[in-house]
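Going by the numbering used here, the letters in the sequence shown line up with residues 250 to 858, in that order. Idealized CB from N, CA, C, for every residue including glycine. All of these numbers come straight from a predicted model, not from anything done at the bench. Have a look at the structure below, then the notes.
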Amino acid sequence: MHVKRFVATSLACLVLTATPAGAQSGRSCEKHAAAALKGCIASVTKLSRRCYLATGSPCADTDPAVQRALDRIDKKVASACPDASAVVAAGYGPLMTPSSVIARLREACAGNAASLAARSFGGPHGAALASAAAADRTCLENAHKQGASLLRKSFQLRSKCITKRRGGGTCDAAKTENKISRRITKAASRIAARCTATPIENLVAVDASDFSARADEQSRCMVAVVHGDPTPFSLGCGPRAEVSVPARGQDVQIVLNEAVWGTRCGLGDPYAFWIRLAPQGSPVERIAFHLQGGGACFTEAECQAAPANRFDALSDQMPHAGWFNTTGAANPFKDWTLVFLPYCTQDIHMGGGKASVFPSGTVYRYGGINARAAIRYVRDVIWTILDAETAAGYRPDLLGVAFGGTSAGGFGAEYNYHYVLDDMRWVNSTAIPNSAQGVDNGQPTGILQFAAPVALSDTDPIGWGARRMMPPYCFTDPCVVHANMQAASAPRLGATPYQQFLNLTNQVDDVQRQTTYFTSIVDWTNALRAAYCSNQGLTGVRYFMPAVPTSIHGILLTSRYSSLSVGGVTVRDWLSAAVDTPAQVTDLVEEGTLVTDMPGVLPFSCPVQ
């Protein structure tokens with residue numbers, strides 16, 4: 250995955266002396282940058298809403314009105330931030346320039362507007378809007394209006410307070426946060442009041458309170474984009490003391506504080522993950538995530554039978570095999586930033602913060618919350634480094650991300666992929682679900698009829714509360730079945746060529762058979778083949794599926810990564826090509842000899858190798 254890299258230096262080696270004139274120039278630059286972003290977000294969110302309501306789609310990249318709104322950033326910032334010294338005095342990175350600040354603000358404006366639209370209308374492709382009745386269209390339109398207003402006003406209140414402090418005045422953070430809290434509550438109330446025909450959570454997965462809170466979270470990150478020093482606010486976004494930057498090229502475990510991050514393992518213990526920053530000389534903004542597998546438990550009996558280590562993250566270690574091998578010269582990911590997300594909630598990394606309260610004990614379902622908190626932590630580490638060492642600073646559209654996982658971790662990679670694309674705005678990201686095809690057996694004990702209702706339910710005592718973690722375009726029971734999720738996702742993929750599901754699985758996998766409640770491996774293989782043919786050729790949905798007649802479960806973190814092949818191409822080489830030249834990746838799926846080796850297996854009903 251090729252991402253532009255800029256010449257770097259160490260922030261610690263840079264000595265700056267701020268003269269009174271320089272400080273004044275910095276305050277002016279910072280103030281005008283904030284005003285430019287506020288004005289742009291007001292204009293572009295309004296234009297975006299008009300485009301969706303008129304056409305069902307976002308405004309074209311070349312839309313003249315959108316371009317004029319973005320161009321106004323250039324004019325405002327170029328005059329107020331005339332040179333690199335003004336930019337540095339404003340609190341931006343030591344290598345940033347007026348042009349890089351402008352580029353950063355343009356992305357923040359367009360990117361945040363796109364994120365809000367995706368949450369409001371059912372993804373960037375407006376899936377919820379397209380199927381909405383008249384009353385529901387009104388609900389979605391009003392939700393977007395309320396979200397846009399909150400985004401703009403929350404940003405304005407915090408930014409104005411920071412600017413006042415920078416000028417020697419007083420900034421009362423508590424008073425400002427109280428004002429914003431009231432606005433969040435009012436926005437949620439107004440959204441709910443206009444969504445009486447259908448509650449908004451039945452249209453785009455999140456309720457009015459969650460919708461409003463996520464808009465405010467966006468506004469916090471907008472403040473971090475503009476203000477290098479956001480004192481006295483604690484934004485939970487961007488460079489800050491509580492996000493420490495690990496040493497390059499070393500495995501470092503990060504233990505997240507539940508009080509700060511809201512994270513928790515299944516038995517109530519702290520959540521932790523591992524990061525290995527790219528070694529010196531390699532770009533840290535190329536990131537490979539691996540979500541750990543380890544089954545799932547839905548019932549009390551299943552949870553009691555699960556080994557104790559499946560509810561613990563602190564004892565997990567950083568893996569060093571397969572695509573996380575940092576010594577194998579042939580591994581294309583060896584010099585990437587590597588992030589390992591342990592699994593301790595038995596909810597396939599999708600739990601939304603509920604608890605399964607059984608007579609024998611409680612299992613906390615925080616899997617989605619844990620994964621996303623770790624993702625944000627990594628974002629802020631990368632943000633800190635790029636602001637200190639590059640001319641561009643942190644920009645989400647410059648990151649290259651491979652977002653993978655095995656087994657339950659592969660499920661998690663699929664269910665959280667939209668968060669990476671839309672909330673993080675890492676548009677150059679690829680999902681890699683391994684040994685995690687999530688096919689349904691068609692029975693009352695299958696994914697569709699049994700697992701999905703438990704996972705998506707908010708009902709105590711066993712619901713996982715995962716619906717709010719699902720994409721706003723696919724969050725009902727059928728969406729827990731992977732073929733359905735990927736088919737629903739296909740229309741939103743392709744904004745960049747990196748946006749793809751790269752599905753890795755052997756066609757004989759007894760672990761997948763067992764965990765998806767199939768009684769026969771033949772039936773599972775036939776269901777897998779049928780699912781492949783149903784999605785063959787969809788935008789951004791690709792497969793690597795060998796037909797080895799013995800059971801294989803897990804590829805990415807094993808030696809099979811470099812040895813398992815289809816048509817002479819190994820998994821390693823297929824993934825390498827997919828992240829380097831994504832537009833050229835093709836399915837590698839073989840018929841093999843399973844029809845003969847396993848009586849009852851049916852040939853593919855679509856063309857394969």
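In this structure, P343 lies away from V350, with their beta-carbon atoms at least 8 Å apart. Counting along the chain, the unbroken beta strand (DSSP E) around S678 starts and ends at S678 to N683. Our two residues, Q749 and G418, have alpha carbons roughly 49 Å apart in a direct line. Residues L505, W510, G511 and T512 of the same chain have their beta carbon placed closer than 7 Å to that of A622, with the five preceding and five following residues left out of the count.
A distance of 8 Å or more separates the beta carbons of F589 and Q529.
In the three-state reduction of the DSSP assignment, T304 falls in the helix class, which pools H, G and I. Residue environment: Q316 is assigned as exposed (fewer than 16 neighbouring CB atoms within 10 Å of its CB, all protein chains considered). Between the segment 776 to 791 and the segment 721 to 740, the count of Cβ pairs shorter than 8 Å is three or higher; the stretches touch. In the displayed model, D456 falls within coil according to three-state DSSP, outside both helix and strand. Under the criterion of beta carbons closer than 8 Å, A462 and I440 do not qualify as touching, at roughly 12 Å. Put simply, the backbone Cα of C388 is about 10 Å away from that of A382. Excluding its 5 nearest sequence neighbours in each direction, M673 has C-beta neighbours in its own chain below 7 Å: I624, R628 and P645, listed in chain order. Assigned with DSSP and collapsed to three states, K603 falls in strand. Rounded to the nearest angstrom, the gap between the Cα atoms of T725 and L705 is 8 Å.
When C-alpha distances from G616 are compared across I597, V630, S825 and A490, the shortest belongs to I597. For M567, same chain residues with a beta-carbon under 7 Å away, outside a window of 5 residues either side, are D500, W523, R525 and F589 in chain order. G653 and A827 do not touch by the CB rule: their CB atoms are close to 11 Å apart, not below 8 Å. For F538, the secondary structure class from DSSP, reduced to helix, strand or coil, is strand.
Between the alpha carbons of G849 and S783 lies a gap of roughly 20 Å.
G498 and V533 have their C-alpha atoms roughly 10 Å apart.
Put simply, the backbone Cα of C546 is about 36 Å away from that of A363. Minimum Cα-Cα distance from D689 among the listed residues C289, A352, G649 and Q763 corresponds to Q763. If you look at L587, you'll find it isn't in any alpha helix (DSSP H); it sits in the beta strand (DSSP E) that goes T586 to L590. Contact between the segment 836 to 843 and the segment 680 to 695 is absent: fewer than three C-beta pairs spanning the two stretches fall below 8 Å.
In the same chain as V844, and ignoring 5 residues on each side of it, the C-beta atoms closer than 6 Å to its own belong to V850 and P852, in chain order. In the three-state scheme derived from DSSP, where H, G and I count as helix and E and B as strand, W523 is classed as strand. Taking the CA atoms as reference points, N683 sits about 11 Å from T807. At the C-beta level, V650 and W632 stay beyond 8 Å of one another. Under the 8 Å Cβ criterion, the segment 274 to 290 counts as touching the segment 322 to 338, having at least three qualifying pairs.
Within the segment 615 to 678, the complete alpha helix (DSSP H) segments of 4 residues or longer fall at 616 to 638 and 657 to 667, listed in chain order. T835 carries a coil assignment under DSSP once its states are collapsed to helix, strand and coil. Look at the segment 775 to 858 and you find these whole runs of alpha helix (DSSP H), each 4 residues long or longer: 809 to 812, 820 to 829 and 843 to 846. Counted as a single uninterrupted DSSP element, the beta strand (DSSP E) harbouring F750 occupies residues F750 to L753. Between the segment 658 to 674 and the segment 558 to 577 there are fewer than three inter-stretch CB-CB distances shorter than 8 Å, so the stretches are not counted as touching.
Check the Cα spacing between A457 and each of K394, R407 and L406: the tightest is with K394. Taking every protein chain shown into account, the CB of S800 has fewer than 16 other CB atoms within 10 angstroms, so this residue is exposed.
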